[in-house]
Structures are given as C-alpha cells and as structure tokens.
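Student: Below you will find the structure I want to go over with you.
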Amino acid sequence: MESTTHAGERGNQGESMREPPELKKIVEVLKKEDLPPKTTPWEDIEEKFLPVDFLLLTAKECEALSCLSFLKHIERGCEEELGPVYFGFNSSKLKIAVIQCSMGAAAPGGSIVVVQGAVPILKPKAVICVGYCASLDENKAKLGDVIVSAKLITYALVKVRKEGIEERGHVVPPQQGMAKLIKDAGAGWKAPLKKPKDLKVTVRNDGVLLSGPTVLDNPEHRRQLKERFRQGTAIEMEGEGLYAAAHNHGIEWLVIKGVSDFGDGSKSATNPWRPFASVMAASLVAHMLDDSNVFEKWPHYENKSNRKRRSSTPDYTKAKLNLVKAGGPSVDELEDLSLELGNN
Numbered sequence: 001m002e003s004t005t006h007a008g009e010r011g012n013q014g015e016s017m018r019e020p021p022e023l024k025k026i027v028e029v030l031k032k033e034d035l036p037p038k039t040t041p042w043e044d045i046e047e048k049f050l051p052v053d054f055l056l057l058t059a060k061e062c063e064a065l066s067c068l069s070f071l072k073h074i075e076r077g078c079e080e081e082l083g084p085v086y087f088g089f090n091s092s093k094l095k096i097a098v099i100q101c102s103m104g105a106a107a108p109g110g111s112i113v114v115v116q117g118a119v120p121i122l123k124p125k126a127v128i129c130v131g132y133c134a135s136l137d138e139n140k141a142k143l144g145d146v147i148v149s150a151k152l153i154t155y156a157l158v159k160v161r162k163e164g165i166e167e168r169g170h171v172v173p174p175q176q177g178m179a180k181l182i183k184d185a186g187a188g189w190k191a192p193l194k195k196p197k198d199l200k201v202t203v204r205n206d207g208v209l210l211s212g213p214t215v216l217d218n219p220e221h222r223r224q225l226k227e228r229f230r231q232g233t234a235i236e237m238e239g240e241g242l243y244a245a246a247h248n249h250g251i252e253w254l255v256i257k258g259v260s261d262f263g264d265g266s267k268s269a270t271n272p273w274r275p276f277a278s279v280m281a282a283s284l285v286a287h288m289l290d291d292s293n294v295f296e297k298w299p300h301y302e303n304k305s306n307r308k309r310r311s312s313t314p315d316y317t318k319a320k321l322n323l324v325k326a327g328g329p330s331v332d333e334l335e336d337l338s339l340e341l342g343n344n
C-alpha cells in the first residue's frame, strides 16, 4: 500500500500561497468564546464521560479548538490534578477528552507531566497528540500536509565526541494497535476545503517525526538536522513526552500533525497556516475515530480483564515518572528516563 494519501485534485501550492485556502462551511472552527462558560461538576463528568475512549493532547489554543470543532455536546470539567479538560462525543458517539499541555515535553505542565497524570484519571484507550509541526523537506511534506508518526525520533539526546556527534536518542514506532491502524490512515478522508482544487493535501502515514525541545526556525540548524536524520519528515515538540508517559502506562499512542512551516527562518510568514494545519490534523483524527468498530475491543487503561499490553517499565523508571508528576522535570531527568526506556 502506498504511504501517502491525497485529498484534492491539483498540485500542492502551499509553499507559494500567502494564505491557506478556505475551509468548508460545514466545518465551523470554534473560537474560545464558543466554549462552555462554566465547568460541569466533576461528579457529573465522571458519570457521563469516564472512562473516555480517546484522549487528544494539544499544546496550543488553535490545536485544542480544532479538535473540539469536530465534537458534539462539549462540556468542560476541572479536576484538581489535571486542571481544565474538555469532553465531547464524536459522530460515532465515542467519548473524547481534549487537554492542553505546555509546549514541549520537559517543561512544567509539558506533555510527559500531563499524560502521566491524565491517563490514570481519564482511562482512555489511547492518547493522540494533535496539532501543527514544521516540515524538514518540502519534497516530503508541504504546507497543509498531515504527518502521521509511523516513527518518532527523540533527537536531543547526544554525546558530543571529538570525532563528531554520537546519537543517543531513540527511534520508536507506535504500539501494535496504532501501528496497524495507520497503514490505512487517510483512506476515504477528504480535506475539508471549500474548493478542493485549491490545495492537494497529502497524508503521510509513513511520517518520521523528530521530537525534542527546539522551536526550529533557522536554516542552518534545519540543515544540520536533515543531515543527521535523512529519513526525517517533520519536527515537533510534544511527542517524546507522550511516548515516554504512554510507554510507562502501557497504552497506545500516536502523533498526528499538520505542516504549518518549514523551520527555515520564515515561520512568522506562515503563521496563518498554524490553525489551518491544526484543522487538517484534527479532521483526519476525527475521520479515523469515526470508524468506531475498529476500537471496540481496544481496552481502556487499567481494564485488566482483557488487557493484552502491559507495561514492562522497571521500578526505577516509574520512580522517575513519579518525580515528574510531582513537579517539572529537569533536562537530566528526562534524559535518564529516555535512556531507561530505550534499554527495555
């Protein structure tokens, strides 16, 4: 099966367009003022939504709003450890939670902290990180294209020798369930564009995402990363934290992000593509989750009666993650955790 799926009829003109194309009118992208003005008591949230079927992890407001735009009957809950969490139903009546973390993995409130704390409370079947990213190669992924993480590379951990850089990061695929699912990601999906001929949106279900702490907007740094990771498709910041926490919990995970820039020093010029790329990614996620039959037998977290995938994370790593939950981890702590995970 081919590794790319196209939505649209004409060649991708993303890099030459100052503004992204218009969306279909049926896709009403929510604004912050459209969200529920008051929180629902947590007891009612528990009764109505828990355990959730899927947790969508976002880092920026436009990413969260894009995800919520594809849900119905949205309610806001506020749990003491998690803070605000939004809940809703998709068109197949799956229960979806949307939570926002800080940018990156290791920052206070970053992805590793949020996922580590949210999974035991919300008990999802899987966690999907949704939003926008930067393409490392215009020939592999253009503005508006959607990248699905067939592989995730944690690139920041290195040993600098006199002879050069020794890579200490990890190349990790999703767990078994998601790995099978993404082979057909994009099948039957149509980009929600007002005029489909304006842009050919490609779904890269063979995407190789670099994940780390860098906000990339420098052509020389981009060139160096491309040289180090020739297989790389795009770069983002939250995936490595999601992977570490999901690995510890023994739960399915995935990163799906739309391309909003090229990390080459022109990031500010493509700012309008951030919400557009987020909508493209959220639309694909909504399309995948609408096929609810696929997930019927997937276990919720802690559903031990039929759970097949159990965490093999050693006690040392669990202790590290408990420290992370109590406060923001240092870079050294995250590196130690990454090394421990890689040795399993």
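UniProt numbering puts the first residue of the sequence shown at 1, with every later residue one more than the last.
A virtual CB, placed ideally from N, CA and C, is assigned to each residue, including glycine.
None of these values were measured; they are calculated from a predicted model.
(1) When the Cα atoms are used, what is the spatial distance from glutamate 79 to glutamate 46?
(2) For glutamine 100, does the three-state DSSP call read helix, strand or coil?
(3) Tell me which residues share the same chain as glutamine 154 and place their Cβ nearer than 7 Å to its Cβ, disregarding the 5 neighbours each side in the sequence.
(4) Is the CB-CB distance between glutamine 116 and asparagine 248 below 8 Å?
(5) Alpha helix (DSSP H) containing tyrosine 155: first to last residue?
(6) Could you compute how far the alpha carbon of valine 158 sits from the alpha carbon of glutamine 224?
(7) If you reduce the DSSP assignment to three classes, tell me which class tyrosine 301 lands in.
(8) Whose CA, out of Val160, Asn139 and Ala246, lies closest to the CA of valine 113?
(9) Quick check on the DSSP output: what are the complete beta strand (DSSP E) runs of length 3 or more inside the region 59–111, in order along the chain?
(10) Taking 8 Å as the threshold (C-beta atoms), are asparagine 90 and valine 148 in contact?
(11) Would you kindly check if the distance between the Cβ of glycine 109 and the Cβ of serine 278 is under 8 Å?
(12) Applying the criterion that 16 or more other CB atoms from any shown protein chain within 10 Å of the CB defines a buried residue, is lysine 320 buried or exposed?
(13) Around the Cβ of isoleucine 26, are there at least 16 other Cβ atoms within 10 angstroms (buried) or fewer (exposed)?
(14) Can you give me the C-alpha to C-alpha distance between glycine 188 and aspartate 145, rounded to a whole angstrom?
(15) Where proline 272 and arginine 18 are concerned, what is the direct C-alpha to C-alpha distance, given to the nearest angstrom?
(16) I need the straight-line Cα distance from methionine 237 to histidine 300, nearest angstrom please.
(17) What does the alpha-carbon distance come out to for the pair lysine 226 and leucine 143?
(18) What number of angstroms, rounded off, separates the C-alpha of aspartate 53 from the C-alpha of glycine 83?
(19) Nearest CA to the CA of threonine 214: which residue from Gly207, Ala126 and Ala234?
(20) Which one of Ala118, Leu199 and Pro192 has the shortest CA to CA distance from isoleucine 251?
(21) Indicate the three-state DSSP secondary structure (helix, strand or coil) for arginine 18 in the structure shown.
(22) DSSP three-state label for aspartate 206, please.
(23) Determine the DSSP secondary structure at phenylalanine 54, reduced to helix, strand or coil.
(24) Distance, Cα to Cα, serine 283 vs cysteine 67?
(25) Considering Cα atoms alone, identify which of Ala191, Lys123, Lys32 and Trp253 is closest to lysine 180.
(26) Relative to the C-alpha of alanine 106, which residue among Ser260, Ala244, Glu163 and Lys267 is closest?
(27) Under the three-state reduction of DSSP, which class applies to threonine 39: helix, strand or coil?
(28) Looking at the strands, I want to know which residues DSSP matches up with glycine 177.
(29) Which value, in whole angstroms, describes the spacing of the CA atoms of glutamate 201 and proline 21?
(30) Alpha carbon to alpha carbon, how far is arginine 222 from proline 37?
(31) When you compare the region 56–63 with the region 87–101, are there three or more beta-carbon pairs, one atom per stretch, that lie closer than 8 Å?
(32) Indicate the three-state DSSP secondary structure (helix, strand or coil) for glycine 164 in the structure shown.
Tutor: In short:
(1) The sequence position of residue 79 within the sequence shown is 79, counting from 1. The sequence position of residue 46 within the sequence shown is 46, counting from 1. Distance between the alpha carbons of glutamate 79 and glutamate 46: 10 Å.
(2) Stepping through the sequence shown from its first residue, residue 100 is reached at position 100. Looking at glutamine 100 - three-state DSSP - the assignment turns out to be strand.
(3) Residue 154 sits at position 154 when you count from the first residue of the sequence shown. Reading the sequence as shown, one finds threonine at residue 154 and not glutamine. Counting only Cβ-Cβ distances below 7 Å, and skipping sequence neighbours, we find Gly169, His170, Ser211, Gly212, Glu240 and Ser338.
(4) Within the sequence shown, residue 116 is the residue found at index 116, counting from 1. Within the sequence shown, residue 248 is the residue found at index 248, counting from 1. Going by C-beta atoms, glutamine 116 is nearer than 8 Å to asparagine 248.
(5) Here residue 155 is taken as the residue at index 155 of the sequence shown, counted from 1. From DSSP, tyrosine 155 is part of no alpha helix (DSSP H); its letter is neither H nor E.
(6) Here residue 158 refers to the residue found at position 158 of the sequence shown. Here residue 224 refers to the residue found at position 224 of the sequence shown. So the two alpha carbons sit approximately 14 Å from each other.
(7) The count along the sequence shown starts at 1 and reaches residue 301 at position 301. Here tyrosine 301 sits in coil by DSSP.
(8) As a first step, residue 113 must be located in the sequence shown, where it is residue number 113. When only C-alpha atoms are compared, the closest one is Ala246.
(9) 72–79, 83–89 and 95–100
(10) Against the sequence shown, residue 148 aligns to sequence position 148. Against the sequence shown, residue 90 aligns to sequence position 90. For valine 148 and asparagine 90, no; Cβs fall outside 8 Å.
(11) Within the sequence shown, numbered from 1, the residue matching residue 278 stands at position 278. Within the sequence shown, numbered from 1, the residue matching residue 109 stands at position 109. Cβ distance not < 8 Å, so serine 278 and glycine 109 don't count as in contact.
(12) Mapped onto the sequence shown, residue 320 falls at position 320. Note that lysine 320 has pLDDT 39, beneath the 50 cutoff, so the model's placement of it is unreliable and no number is given.
(13) Against the sequence shown, residue 26 aligns to sequence position 26. Counting Cβ neighbours within 10 Å, isoleucine 26 comes out exposed, since fewer than 16 surround it.
(14) Residue 188 sits at position 188 when you count from the first residue of the sequence shown. Residue 145 sits at position 145 when you count from the first residue of the sequence shown. The straight-line gap from Cα to Cα measures roughly 16 Å.
(15) Along the sequence shown, one-based indexing puts residue 272 at 272. Along the sequence shown, one-based indexing puts residue 18 at 18. Those two C-alpha atoms are separated by around 8 Å.
(16) What you label residue 237 is simply residue 237 of the sequence shown in a count that begins at 1. What you label residue 300 is simply residue 300 of the sequence shown in a count that begins at 1. For methionine 237 and histidine 300, the distance between alpha carbons rounds to 26 Å.
(17) Locating residue 226 in the sequence shown gives position 226, counting from the first residue. Locating residue 143 in the sequence shown gives position 143, counting from the first residue. Each residue's alpha carbon lies about 18 Å from the other.
(18) Taking the first residue of the sequence shown as position 1, residue 53 is located at position 53. Taking the first residue of the sequence shown as position 1, residue 83 is located at position 83. If I take the Cα positions, the gap works out to 19 Å.
(19) As a first step, residue 214 must be located in the sequence shown, where it is residue number 214. Threonine 214 has its Cα closest to that of Ala234, out of Gly207, Ala126 and Ala234.
(20) Numbered from its first residue, the sequence shown carries residue 251 at position 251. Selected option, being the one with the closest Cα: Ala118.
(21) Residue 18 sits at position 18 when you count from the first residue of the sequence shown. Note: arginine 18 maps to coil in three-state DSSP.
(22) Sequence index remark: in the sequence shown, residue 206 carries index 206 (1-based). Aspartate 206 falls in the strand class under three-state DSSP.
(23) As a working note, residue 54 is residue 54 in the sequence shown. Phenylalanine 54 falls in the strand class under three-state DSSP.
(24) Here residue 283 is taken as the residue at index 283 of the sequence shown, counted from 1. Here residue 67 is taken as the residue at index 67 of the sequence shown, counted from 1. Whole-angstrom Cα-Cα distance: 8 Å.
(25) As a working note, residue 180 is residue 180 in the sequence shown. The residue with the shortest Cα to Cα distance from lysine 180 is Trp253.
(26) Along the sequence shown, read from residue 1 onward, the residue named residue 106 stands at position 106. Nearest option by C-alpha distance: Ala244.
(27) As a first step, residue 39 is located in the sequence shown; it is residue number 39 there, counting from the start. Correct three-state label for threonine 39: strand.
(28) Here residue 177 refers to the residue found at position 177 of the sequence shown. Answer is none; glycine 177 lacks a bridge partner.
(29) Locating residue 201 in the sequence shown gives position 201, counting from the first residue. Locating residue 21 in the sequence shown gives position 21, counting from the first residue. This sequence places valine at residue 201; glutamate is not what is there. Answer to the nearest angstrom: the Cα atoms are 11 Å apart.
(30) In the sequence shown, the residue the question calls residue 222 occupies position 222. In the sequence shown, the residue the question calls residue 37 occupies position 37. Computed Cα separation, rounded: 42 Å.
(31) yes
(32) Counting from 1 along the sequence shown, the entry for residue 164 is found at position 164. Residue state, collapsed to three classes: strand.
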